[in-house]
Amino acid sequence: MRYIVSLISLLLSLTANAQISRLGDDLKYCVELSGQVGDGESTPFWQMSNRSGLACVDNNSGYLRAGIMRDVHADSLRNWRVGYAADFVVPAGFSSKFILQQCFVDVRYKALGLLVGQKENGLELKNDRLSSGAMTLGMNARPVPQVKLGLPEFWIIPRTGDWLALKGFLSYGMYTDNRWQRNFNAGNSAFMYTQNSLYHSKAAYIRVGNTEKFPVKVTGGIEMISQFGGKVWNRIQDDKGNFINPYNLNGGVKDFFHALVPTGNDVTDGDNPNVMGNHLGSYLLRADYESKGWGASFYCEHFFEDHSMMAFKFSWKDMLYGAELKFPKNPVMSSVLYEYIRTTDQSGPVFENSTNGIKGIGGVDDYYNHGIYGAYQHAGFVMGTPLLLSPIYNKDGNINCYDNRITANHFGFSGNPSDEFSYRLLYTREKSWGSYKTPRIDPAVGHFFLAELCYMPQKVQGLGVTLSYGQNAGELLGKSKGAMLTVSYSGLFRKK
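For the sequence shown, the residue numbers in our numbering are 17 to 512.
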């Protein structure tokens, strides 16, 4: 509540200024009702993945969602631009009874932007509707409230002839899944959970190309995150071996520096200090070609944990590769996408590692997992690609990813048969070896399918109806199938 009040207070202080009384203009409202029914071991994979955490692992669930939003681009002709939103969800069948999905203020001056709050974000350098997701900054989990400063859109570097552009940000925030972690762990002393953990992310991208003069552009970047601070429970034992008091991981202001520049150490490191908190990230590269309605894109993403795979010391065997082809306007198909993902190497099961001249054993990067923070997740959903199955699937209360050594082939298709109808098809074949620490005796294979049809009648502006059918097959997540219907309506309170 303090968080919400602070945002409202900031809004009120802004609206009190007569120069920006326009904040009431172009204010949009939206109401959405969604329901999912099915049978099987869980909700079909693509009906619960990459939905910003607004999903339930169990079949037969739904929600009522309502919110208001003013897009920052409503002030596109001004130097100072302001956007904001408040977005609430009342779910049924979820572990939560009420969800604050979005609540933020977005203030920009020229190219510089400051966002305070929690906001759903799409993928960088990938197709939101068709891609399997991003390895680091994905859209699978509920957004984390944070303060984010940076260049939210590509800024063209002056005197480069529009050939060079930059984009990036720096943020600090706090996880809001304390109750979920306590309930999910349910006092299981075999596993730990954290409370009041902090979050840090940063990214930088550079784009080379001017499509008005040449049809090819290339974009590269790096994304990094850190989990730090808070308290970890079920870690300290008394003389009888019982877990008692928590570790307090908050070290003060210096922790924010250690999160920014991977340094420091954790209280559990002992005689072999590493760095403070959980650090991970990705390198990204994308090339785009556009001409006469046609488009072709090729991209790749390399994921790294700590320092192991960040440098070029070891071969980059684990990668996400993707290709997308866009067609001129036609009633059959708009885009087709293919991705191949491999995460089986993880620096190898073992290698020689030297620290301060002392030789030791390393490897086993254990993607998304950490000895203190469990997994790179928020409220049960991994914050990167959903293909490294989220802890919410676990039955034992462990907040770890058990299936992080995988290969996957992913296909996506989309089209617009008319101005009122659109569709998308997703199919993924995933094969998992478990993890190095919890290997599967035999690899498990999963098949995930989604068919979705959207209807937006031109006679009723703002109305949207989406119907989807999802199905899982194979032993990875078992067999399941289900249907989902979502009806939404949006409009403007007042247009400028």
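For every residue, glycine included, the Cβ atom is placed at its ideal position computed from N, Cα and C.
Asked	Found
Under the three-state DSSP convention, the category Y389 falls into	coil
Same chain, Cβ closer than 6 Å to A127, neighbours up to 5 away in sequence not counted	L167 and W171
C-beta contact flag for P473 and L479 at 8 Å	yes
Where L508 sits in the DSSP three-state scheme	strand
Residue from L141, L130 and D144 with nearest C-alpha to F185	L130
Neighbourhood of Y191 by C-beta distance below 7 Å, restricted to the same chain and skipping five residues each side	V160, S213, Y215 and H394
Beta carbon proximity, Y485 to chain B, threshold 8 Å	Looking at the structure shown, chain B is missing, and only one protein chain is on hand.
Backbone secondary structure at F427 - three-state DSSP	strand
CA-to-CA distance, G450 to R421, given in whole angstroms	6 Å
Under the three-state DSSP convention, the category K497 falls into	strand
Beta-carbon proximity of G109 to G78, cut-off 8 Å	yes
Between the CA atoms of A219 and Y125 - distance to the nearest angstrom	20 Å
Assigned exposure category for I457 - 16 Cβ within 10 Å defines buried	exposed
N-terminal and C-terminal residue of the alpha helix (DSSP H) that H274 is part of	K270 to L276
Local Cβ density within 10 Å of A34, reported as buried at 16 or more and exposed below that	Bear in mind that a pLDDT of 39 at A34, under 50, signals an unreliable position, so the number given afterwards is only what the model happens to contain. Under this definition A34 is an exposed residue.
Residues near G494 in its chain [Cβ-Cβ closer than 6 Å; skip 5 each side]	E57
Nonlocal neighbours in the same chain, by C-beta distance under 7 Å from D193, ignoring five residues either side	H394 and A395
Cutoff 6 Å; reference V503; Cβ partners in own chain excluding five residues on either side	L49 and V481
Beta bridge counterpart(s) of F319 as assigned by DSSP	S298
Endpoints, alpha helix (DSSP H) assigned at W62	F61 to M64
Segment contact, 8 Å Cβ cut-off, at least three pairs: the stretch 267-287 with the stretch 110-120	no
Proximal residues to W96 (C-beta, below 6 Å), its chain only, five neighbours per side dropped	Y125
Y409 - DSSP class collapsed to helix/strand/coil	helix
DSSP state of R223 mapped onto helix, strand, coil	strand
G40, DSSP secondary structure in three states	helix
Nonlocal neighbours in the same chain, by C-beta distance under 6 Å from Y305, ignoring five residues either side	P231, V232 and A312
Per-residue burial, R223 [other beta carbons within 10 Å of its own, 16 or more giving buried]	buried
Nearest-angstrom Cα separation, counted from Q63 out to F464	10 Å
Per DSSP, the bridge partner or partners of H216	Y188 and S242
Backbone secondary structure at W196 - three-state DSSP	helix
Reduced DSSP category for T502 - H, G, I as helix; E, B as strand; rest coil	strand
Close beta carbons around P60, own chain, < 6 Å, minus the five adjacent residues each side	G486, Q487, N488, S496 and G498
Segments of 3+ residues assigned as beta strand (DSSP E) that fall wholly inside the stretch 454-500	455-471 and 479-490
Whole-angstrom C-beta distance between V121 and G133, which should lie under 8 Å	6 Å
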